[in-house]
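For reference, the structure is listed below as structure tokens.
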Amino acid sequence: MKKLLIWAMYAYPEFGWELNHGWKYRNAEPSDFYIESTKFFGVLTMIVSTILIIIGLF
Numbered sequence: 001m002k003k004l005l006i007w008a009m010y011a012y013p014e015f016g017w018e019l020n021h022g023w024k025y026r027n028a029e030p031s032d033f034y035i036e037s038t039k040f041f042g043v044l045t046m047i048v049s050t051i052l053i054i055i056g057l058f
């Protein structure tokens with residue numbers, strides 16, 4: 001389930017921004033930096049969690 005949420009945040013970072021911050025401001029949009037950093041850290045989280053799961057199996 002957690003990986004599904006991470007993939008959703010990667011695919012639709014604007015939606016995550018709306019859930020976290022969009023409701024606080026009128027006519028606001030996430031910056032390009034926010035979108036790119038959300039995608040980067042989402043992929044990084046997936047890679048690290050996969051490695052940790054594999055290490056934990058051995």
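For reference, each letter of the sequence shown is one residue, going 1 to 58 in UniProt numbering.
For every residue, glycine included, the Cβ atom is placed at its ideal position computed from N, Cα and C.
Selected residue, minimal CA-CA separation from residue i, among the options
i, options, result
"Phe33", "Ala8, Arg26, Glu14", "Glu14"
"residue 97", "Trp17, Ile47, Glu36", "Outside the shown range of the chain, which is 1 to 58, sits residue 97, and nothing can be said about it."
Inter-residue CB distance, residue i and residue j (contact presumed, cutoff 8 Å)
i, j, result
"Tyr10", "Lys39", "5 Å"
Outcome for residue i when other beta-carbon atoms lying within 10 angstroms are tallied against a minimum of 16
i, result
"Gly56", "exposed"
What beta strand (DSSP E) runs, 3 residues minimum, are completely inside the UniProt domain "DUF6199" (7-55)? Whole beta strand (DSSP E) segments, 3+ residues: zero.
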